[in-house]
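Heads up: the structure comes next, in C-alpha coordinates.
Numbering (our numbering), first residue to last: 40 to 127.
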(Lines of atoms letter the chains of each structure in order from A and count residues from 1; the text may use other names and numbers.)
(Lines give C-alpha, C1' and ligand atoms only; values in the text may rest on other atoms or scores of the structure.)
Protein backbone atom coordinates (compact mmCIF):
# COMPACT_ATOMS: atom_id res chain seq x y z
CA UNK A 1 0.00 0.00 0.00
CA UNK A 2 1.57 3.29 -1.01
CA UNK A 3 1.68 5.89 1.71
CA UNK A 4 0.68 9.11 0.04
CA UNK A 5 -1.08 12.25 1.14
CA UNK A 6 -4.35 10.33 1.01
CA UNK A 7 -5.06 6.66 0.23
CA UNK A 8 -6.02 6.10 -3.42
CA UNK A 9 -9.70 5.63 -4.14
CA UNK A 10 -10.94 7.53 -1.08
CA UNK A 11 -13.72 10.09 -1.34
CA UNK A 12 -11.84 12.98 0.27
CA UNK A 13 -10.50 15.96 -1.62
CA UNK A 14 -7.89 18.58 -0.81
CA UNK A 15 -10.62 20.90 0.49
CA UNK A 16 -12.32 18.14 2.48
CA UNK A 17 -9.69 15.59 3.48
CA UNK A 18 -10.49 11.95 4.10
CA UNK A 19 -8.65 11.90 7.42
CA UNK A 20 -7.62 14.60 9.88
CA UNK A 21 -3.93 13.67 9.93
CA UNK A 22 -2.88 16.16 12.59
CA UNK A 23 -5.63 14.98 14.94
CA UNK A 24 -4.77 11.33 14.27
CA UNK A 25 -1.12 12.06 15.09
CA UNK A 26 -2.02 13.75 18.38
CA UNK A 27 -4.32 10.88 19.36
CA UNK A 28 -1.74 8.24 18.42
CA UNK A 29 0.96 9.95 20.48
CA UNK A 30 -1.46 10.27 23.39
CA UNK A 31 -2.14 6.54 23.11
CA UNK A 32 1.57 5.75 23.13
CA UNK A 33 2.17 7.80 26.27
CA UNK A 34 -0.89 6.62 28.20
CA UNK A 35 -0.51 2.94 27.32
CA UNK A 36 3.21 2.98 28.06
CA UNK A 37 2.80 4.62 31.46
CA UNK A 38 -0.05 2.31 32.43
CA UNK A 39 1.90 -0.76 31.23
CA UNK A 40 4.88 0.20 33.41
CA UNK A 41 2.62 0.77 36.42
CA UNK A 42 0.91 -2.58 35.89
CA UNK A 43 4.24 -4.38 35.55
CA UNK A 44 5.41 -2.88 38.82
CA UNK A 45 2.16 -3.95 40.44
CA UNK A 46 2.56 -7.53 39.28
CA UNK A 47 -0.23 -7.51 36.68
CA UNK A 48 1.74 -8.93 33.77
CA UNK A 49 -1.04 -9.92 31.33
CA UNK A 50 -2.76 -6.48 31.29
CA UNK A 51 0.68 -4.89 31.11
CA UNK A 52 1.53 -6.92 28.00
CA UNK A 53 -1.80 -5.97 26.42
CA UNK A 54 -1.19 -2.28 27.06
CA UNK A 55 2.36 -2.59 25.75
CA UNK A 56 0.95 -4.12 22.55
CA UNK A 57 -1.53 -1.23 22.24
CA UNK A 58 1.32 1.23 22.75
CA UNK A 59 3.21 -0.47 19.93
CA UNK A 60 0.18 -0.28 17.64
CA UNK A 61 -0.24 3.42 18.46
CA UNK A 62 3.46 4.03 17.73
CA UNK A 63 3.16 2.34 14.34
CA UNK A 64 0.06 4.41 13.60
CA UNK A 65 1.95 7.59 14.53
CA UNK A 66 4.75 6.66 12.10
CA UNK A 67 2.27 5.99 9.28
CA UNK A 68 0.43 9.25 9.94
CA UNK A 69 3.70 11.19 9.98
CA UNK A 70 4.67 9.66 6.62
CA UNK A 71 1.30 10.71 5.21
CA UNK A 72 1.76 14.24 6.62
CA UNK A 73 5.15 14.48 4.90
CA UNK A 74 3.62 13.30 1.62
CA UNK A 75 0.88 15.90 2.00
CA UNK A 76 3.48 18.61 2.64
CA UNK A 77 5.38 17.60 -0.52
CA UNK A 78 2.15 17.58 -2.57
CA UNK A 79 0.67 20.83 -1.25
CA UNK A 80 3.66 22.86 -0.15
CA UNK A 81 4.13 24.39 3.30
CA UNK A 82 0.47 25.37 3.73
CA UNK A 83 -0.58 25.56 7.38
CA UNK A 84 -3.00 22.88 8.52
CA UNK A 85 -5.11 23.08 11.65
CA UNK A 86 -5.49 20.18 14.06
CA UNK A 87 -8.64 19.01 12.24
CA UNK A 88 -7.22 19.01 8.68
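Every residue gets a Cβ at the ideal spot worked out from N, C-alpha and C, and that includes glycine. Being a predicted model, the structure only gives us computed values, none of them experimental.
Counting of Cβ neighbours within 10 angstroms places residue 109 among the exposed residues, the total staying below 16. Put simply, the backbone Cα of residue 104 is about 14 Å away from that of residue 75. Shown here, residue 90 sits in a helix according to DSSP, grouped into three states. When secondary structure is reduced to three states using DSSP, residue 103 falls in the helix class. Contact between residue 71 and residue 101 holds: their C-beta atoms lie close to 5 Å from each other, under 8 Å.
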